[in-house]
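With the working numbering, letter number 166 in the sequence shown gets 166, and the count goes up by one each step, no holes. Note that the Cβ used here is the ideal one computed from N, Cα and C, for glycine as well.
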Amino acid sequence: MPEADIADEIAEMDIAVDPGDAHAYELARMRHSCAHVMAEAVQELFPEAKFGIGPAIEHGFYYDFELPRSLTPDDLIEIEARMRANQERAEPFRREVVSREEALSIFAGNQYKIELIQGLPADEIITTYQQGHFLDLCRGPHVATTAEVGPFKLQSIAGAYWRGDEQRPMLQRIYGTAWPTQAELDDYLERLEEAQRRDHRRLGRDLDLFSVNEEIGPGLILWHPKGAMVRYLVEQFEQEEQLARGYDLVYTPHIASEKIYKTSGHLETYRENMYSPMSIEEVDYYLKPMNCPAHIMIYKSNVRSYRDLPIRLAELGTVYRYERSGTLHGMLRVRGFTQDDAHIFCTPDQVVDEARGVIDLAIHMAAIFGYDFKTYLATRPEKAIGEDAVWERAMDDLRRAMESRGLSYTIDEGGGAFYGPKIDIKWVDALGREWTGPTIQVDFNLPERFDVNYIADDGERHRVAMIHRTLLGSMERFVGGLVEHYAGAFPVWLAPVQVALIPITDDQIPFSREVERTLASAGLRVELNDQRDRMQAKIRHAQLQKIPYMLVIGKREAAANTVAVRLRTGRDLGAMPVDQFLAMVHPRVVSHSLYLDDVDEAEAIGSRDG
Ligand SMILES: [Zn+2]
Ligand SMILES: [Zn+2]
């Protein structure tokens, strides 16, 4: 959930949406009004409550309260009931302009509102809104009466520091959602439930993929064998693609001396994201927050001629960056992570081709993992280095690269880094959510700072063009995202266990072991369930583990040298010889197919196109 921040404060006083977007504006106005209706109900329950802020947010609203005791889930039910009663009374929202002195006296008992009033500019027109007995400092606007507040639901209780500041009091926050119609509310709650069902933290535990251990430290991921297998397969796939596309693999250390971060400028501009140094023989060393400086040093270890270019250095580079503990989130927001990083050093004339090469690989990756994607071009921000002509040329190169691949893109005006423009590709997952994907970042800064050159055909030293590039971003976030995208049901090539062998009784265990050996020697990851459970329990277990194929082996199958094949979707393919099963599965593994069999594939494509 979002933390209270400056934007929220603004939102409380004035709804933070583009007033030109009429629908979003009306929605935010209604949701903010719902926050007032909730505050009114809370005031009825706790007359001594003190009110913080209560903005509209994406999909809903919240309000922060100081209360005499902790809220319970039962309180939410009671508050909702009182809100409905307030809605039925159709209480009008009454706006009043007050002087600064009046405002300070009205809210005299509430240090939070006093602080907000004192923070307002001198020429600000201060207004209050009242509905029923609830009076709030508020810039509005609001709907006409409480009856115009749409169907709502209170969702959760959270602790929230006043103004998001850990030094200030902790308030209680209630989150809610409100929609124009019941159908929209139901639909939203359903989508939310689906997102929770797919939550990678929950599936990560259920499928035994990863954990975070307080004794190891927050934001540091422990990859369990099954999660590590998924990561290994993703990495192996990507490394092979890179090797086939002319990349060189490199490895660089996890720590580096302060010298390099002085040259790179990281100590100047990035220090708050870096951990404290450790001293080694009186030199300060830092955990690396980025791989770029080390790759530059590899490039610079030799004189490079234009004939050597482009040089593409790729590393699965583990970096460490400070994130506040409140912002850590499963595998998606962590303190140590491994980037699929690469740096391309080329001549200025090669930038278009190199960007195109990365785009091609990105498109291929999207298809393999089953993502749609959206493309953005981030342009020059206000504060930037590099001359206009250099920026224009680089942006033109990136545009040409995208257009040559028929990509349509959105301009992210001023969204580039100070040192160059970039292409951002966002994966769009099965729920339509956007995830950070490939980035292609042109850099005018580091080649200058490190004096990175090549010898051109004129025999002179020229400045190299440098591109930072990731495709998956970080292995942590990418695999976490994959878990949610697939709802834990990985395609067969990525499934940690691909086949569950289910003997019906102990008598079939010897034959099951033979099948296990055959499949394993064909390269499949097989789990033989020789527990004393009933067959139905074994099938259920395999289904919960989302194992793609279940081979049930009874007396009949063992006698006929066959296996009864079931998909995790529940579909039964009947008995077949082991060879036939292998002939069905093996090509799907090799081709990184997203589907378990022909019918599965036809259905998926049918539902996508229909
Ligand atoms: Zn308000
Ligand atoms: Zn870099």
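Among all the DSSP beta bridges, which residues are the ones paired with residue i?
i: S593; result: Paired residue(s): none; S593 is not in a bridge.
i: N213; result: N213 is not bridged to any residue.
i: S474; result: Q339
i: R463; result: N453
i: Y409; result: T375
i: W614; result: Since the first residue shown for the chain is 1 and the last is 610, residue 614 is missing from the structure and cannot be characterised.
Taking the alpha-carbon positions, what's the residue i to residue j distance?
i: I57; j: L431; result: 20 Å
i: A314; j: F450; result: 19 Å
i: D507; j: A559; result: 11 Å
i: V483; j: E240; result: 23 Å
i: Y486; j: R198; result: 8 Å
i: Y270; j: H462; result: 28 Å
i: V283; j: L67; result: 52 Å
i: E603; j: R69; result: 54 Å
i: A7; j: R168; result: The predicted position of A7 is uncertain, since its pLDDT is 38 and thus under 50; no value can be drawn from it.
i: S616; j: P253; result: Absent from the structure is residue 616, since the part of the chain shown begins at 1 and ends at 610.
i: R532; j: P503; result: 10 Å
i: R405; j: G159; result: 48 Å
i: L519; j: M550; result: 13 Å
i: D187; j: L203; result: 23 Å
i: T318; j: Q87; result: 54 Å
i: E190; j: W391; result: 46 Å
i: S593; j: I77; result: 47 Å
i: E235; j: T439; result: 18 Å
i: D530; j: P225; result: 20 Å
i: A22; j: S408; result: 27 Å
i: P577; j: I509; result: 17 Å
i: D341; j: A522; result: 33 Å
i: V208; j: R201; result: The displayed chain sequence assigns Asp, not Val, to residue 208. Taking the straight line joining both Cα atoms gives about 10 Å.
i: A384; j: V351; result: 20 Å
i: V139; j: L328; result: For the record, residue 139 in the displayed sequence is Arg; it is not Val. Spanning the two alpha carbons is a distance of roughly 33 Å.
i: G217; j: G459; result: 53 Å
i: H586; j: H295; result: 38 Å
i: A122; j: Y285; result: 49 Å
i: V303; j: R321; result: 33 Å
Suppose the cutoff is 7 Å on Cβ atoms and the five residues either side in sequence are ignored; what does the same chain contact list for residue i look like?
i: W656; result: This structure leaves residue 656 out entirely; the chain is present only between 1 and 610.
i: Q543; result: R568
i: E354; result: P310, I344, C346 and I467
i: E44; result: R82
i: D14; result: Unreliable positioning characterises D14 in this predicted model, as indicated by a pLDDT of 46, which lies under 50. A coordinate reading is not provided.
i: G246; result: R312
Are the beta-carbon atoms of residue i and residue j separated by less than 8 Å?
i: R82; j: A41; result: yes
i: I125; j: V143; result: no
i: T379; j: G420; result: no
i: G176; j: G60; result: yes
i: L596; j: V492; result: yes
i: V212; j: V37; result: no
i: A90; j: T146; result: yes
i: I553; j: S512; result: yes
i: K153; j: N110; result: no
i: Y359; j: M402; result: Rather than Tyr, the amino acid found at residue 359 in this sequence is Ile. Result yes, Cβ atoms of I359 and M402 sit closer than 8 Å.
i: N273; j: Q339; result: no
i: F210; j: L222; result: yes
i: T128; j: L120; result: no
i: T171; j: F65; result: Correcting the residue identity first, residue 171 is Leu in this sequence and not Thr. Result yes, Cβ atoms of L171 and F65 sit closer than 8 Å.
i: L398; j: L377; result: yes
i: Y62; j: I174; result: yes
i: W162; j: G52; result: yes
i: R29; j: P141; result: yes
i: R305; j: I455; result: Reading off the sequence shown, one finds Ser at residue 305, where the question assumed Arg. Yes, Cβ-Cβ distance for S305 and I455 is below 8 Å.
i: V452; j: K422; result: no
i: M365; j: L471; result: yes
Short of 8 Å in beta carbon distance, which residues of its chain neighbour residue i, apart from the five on each side in sequence? Order them along the chain.
i: I547; result: A495, V497, Q498, V499, A500, E527 and R568
i: A575; result: R556, E557, A560, T562, V563, A564 and V565
i: I117; result: R100, A103, L104, F107, I126 and L137
i: G488; result: R198, L203, D206, L207 and K546
i: E516; result: L501, V526 and L528
Let me check you understand the geometry: is the CB of residue i closer than 7 Å to at least one non-hydrogen atom of ligand 3?
i: C34; result: Although ligand 3 was asked about, the structure shown includes only ligand 1 and ligand 2 as ligands.
In chain order, what residues of the same chain lie with their CB nearer than 6 Å to the CB of residue i, ignoring the 5 residues before and after it?
i: L332; result: R477 and G480
i: L267; result: Y261
i: R525; result: V497 and Q498
i: E601; result: Y595
i: D372; result: V428
Handout entry: Nearest-residue set for ligand 2, Cβ under 5 Å from any heavy atom
Key = C292 and H468
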